[in-house]
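S.K.: Pasting a structure here, questions to come.
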Amino acid sequence: MELAIIAESLTPVSTNPEPNTFVSSTFGQEILPTHTFTNAPEVEVLIIPGGFGTRNKVLMAPVESYIQSVFFNLKYVITICTGSAILAGMSLLDNRRATTDKCTWSLVTPLGPKVEWVRKARWVVDDTPGVTPVWSSSGVSAGIDVTFAFIQMLYGAGTAESVANVMEYERHFG
1 MELAIIAESL TPVSTNPEPN TFVSSTFGQE ILPTHTFTNA PEVEVLIIPG GFGTRNKVLM
61 APVESYIQSV FFNLKYVITI CTGSAILAGM SLLDNRRATT DKCTWSLVTP LGPKVEWVRK
121 ARWVVDDTPG VTPVWSSSGV SAGIDVTFAF IQMLYGAGTA ESVANVMEYE RHFG
């Protein structure tokens with residue numbers, strides 16, 4: 001398995017909230033992309049994180065363009081937290097089951113009026129036949145759990161448990 005971190009440019013991407021928002025924090029990290037949207041490798045699994053940036057349509061325009069260009073060729077999509085808001089806003093979750101962060105539920109769910117939103121779930125798997133399977137998680141910690149469920153589906157329970165043990169992580173199911 002190879003990990004590619006794909007963004008609009010190769011400049012570091014901050015996880016800090018934008019200035020003058022309802023959250024004032026300078027605590028975060030910067031993530032260094034390995035590829036841009038124009039030179040991204042072919043991917044089989046696209047992980048779409050959430051966060052404060054997903055609320056900014058200007059920032060999301062190139063992200064949405066990239067997702068649109070690859071979505072129907074992917075084997076799987078995993079959304080974490082408000083990452084599902086991006087797909088919902090693009091109508092890529094229409095007539096499908098999904099979940100999202102519970103703290104932003106009232107902001108995200110109106111973006112996908114045709115989505116079957118599942119409120120009481122750490123993660124939801126929608127594997128509707130004929131379309132790219134989408135695994136959506138609620139909050140950030142549920143993103144860890146959906147990742148372990150995904151690893152288990154691909155590589156088996158033993159591998160998922162082994163990785164969790166190395167991380168000293170206690171998994172939460174469903």
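Its first residue numbered 1, the sequence shown is counted upward by one per residue in UniProt numbering.
The beta carbon of each residue, even a glycine, is placed where N, CA and C say it ideally should be.
For E116, list the residues DSSP reports as bridge partners.
M.R.: For E116, which the question treats as bridged, DSSP gives the partners R97.
S.K.: Quick one: what's got a C-beta closer than 8 Å to E44's C-beta in the same chain, skipping five residues either side?
M.R.: Here the set comprises L74, K75 and Y76.
S.K.: What distance in whole Å lies between the Cβ atoms of S14 and E30, which are believed to be in contact at a cut-off of 8 Å?
M.R.: Their Cβ separation, rounded to whole angstroms, is 5 Å, which keeps E30 and S14 in contact under 8 Å.
S.K.: Between A40, L46, E42 and N16, which lies nearest to G53 when the distance is taken from Cα to Cα?
M.R.: Ranking the options by Cα distance to G53, first place goes to N16.
S.K.: Less than 8 Å between the C-beta atoms of V134 and T79, yes or no?
M.R.: Yes. Within cutoff.
S.K.: Can you check which of these residues, R122, L92 and G143, is closest to L111 by C-alpha distance?
M.R.: Among R122, L92 and G143, the Cα nearest to that of L111 is on L92.
S.K.: The beta strand (DSSP E) that contains L46, what's its start and end?
M.R.: Start and end: V45 to I48.
S.K.: Our contact map puts R122 next to A142 with C-beta atoms below 8 Å; I'd like the distance itself, whole angstroms only.
M.R.: So it is a contact: roughly 4 Å between Cβ atoms.
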